[in-house]
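In what follows, a single structure is set out as structure tokens and then discussed.
In the working numbering, the protein residues as written are 477 to 722.
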């Protein structure tokens, strides 16, 4: 092993130093150092260590060691700002009020309004419902673009580790945002999830109700499966894979 080469284990993970020696360099002092760092066969900045897994070249230090000679110190480290074991994301909780159309009261009892000898009606009203929201923010070492494609607009499968008691399809991933201030080396990523809140179906599924053409209202004798049918509009995803509880 060349002098100065090393491998060590830190709290963030493994680190390694490799030493390369380059001969036959030409030019002034600066050119010799630059040519040594970019010589044929030198690893590219950001490349993975050839034997130690999951560490990357983040520092290249050339220095002259003699006439037409230089030594290049290559420092490999874990991905920048990858959350270490025990590091928790920043969590924000809130609730927003959204308007929903409903034909039932707070107890789930259908609205039934009658007048004289006219047919009873099932009127709908617009009500405000609270929609709890939870956000997780943490530093990550790569763009969340693939996560956006996989999880945004999906609802949870049962047993989400952030909300173990939550049943399936009750949490919707409404947003995943990544922002990099260092040209893509790291990203501050925010994950946002909204709960269905009060819902006739108990989740993000929807009831579709048959309505009379003349009145535009649902008849009073509809029941689930006959004139009132549940439809799913969101795919399910395994939110546990995001490891937001690490």
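Using N, Cα and C, we set each Cβ at its ideal position, and we do this for glycine too.
Given the structure is predicted, the values throughout are model-derived calculations rather than measurements.
Exposure label - residue i; buried when at least 16 CB within 10 Å
i: residue 591; result: exposed
i: residue 616; result: buried
i: residue 652; result: buried
i: residue 526; result: exposed
i: residue 671; result: buried
i: residue 498; result: buried
i: residue 561; result: Caution is warranted here: a pLDDT of 46 is assigned to residue 561, below 50, making its placement in the model unreliable, and the coordinate value is therefore given only provisionally. Residue 561 comes out exposed.
i: residue 520; result: exposed
i: residue 679; result: buried
i: residue 485; result: exposed
i: residue 487; result: exposed
i: residue 707; result: exposed
i: residue 686; result: exposed
i: residue 646; result: buried
i: residue 601; result: exposed
i: residue 705; result: exposed
Cβ distance (whole Å) where residue i is taken to contact residue j below 8 angstroms
i: residue 619; j: residue 673; result: About 32 angstroms; that fails the 8 angstroms criterion.
i: residue 649; j: residue 712; result: Not quite, the Cβ-Cβ distance comes to about 11 angstroms (not below 8 angstroms), so this is no contact.
i: residue 605; j: residue 576; result: 5 angstroms
i: residue 624; j: residue 720; result: Actually they do not touch by this definition, with Cβ atoms about 15 angstroms apart.
i: residue 676; j: residue 578; result: 7 angstroms
i: residue 714; j: residue 633; result: 5 angstroms
i: residue 505; j: residue 540; result: 7 angstroms
Residue i vs residue j beta-carbon contact at 8 angstroms
i: residue 532; j: residue 522; result: yes
i: residue 513; j: residue 551; result: no
i: residue 555; j: residue 546; result: no
i: residue 566; j: residue 516; result: no
i: residue 508; j: residue 501; result: yes
i: residue 667; j: residue 718; result: yes
i: residue 636; j: residue 583; result: no
i: residue 571; j: residue 608; result: yes
i: residue 528; j: residue 492; result: yes
i: residue 588; j: residue 595; result: no
i: residue 568; j: residue 611; result: yes
i: residue 564; j: residue 534; result: no
Opposing strand residues paired with residue i [DSSP bridges]
i: residue 649; result: 669
i: residue 442; result: The structure shown does not extend to residue 442, since the chain is modelled only from 477 to 722, so the question has no answer here.
i: residue 663; result: 616
i: residue 602; result: 577
i: residue 632; result: 713
i: residue 682; result: 707
i: residue 608; result: 571
i: residue 654; result: 665
i: residue 498; result: 546
Complete runs of the beta strand (DSSP E) confined to the stretch 514–584 [at least 3 residues]: 532–542, 545–553, 566–578
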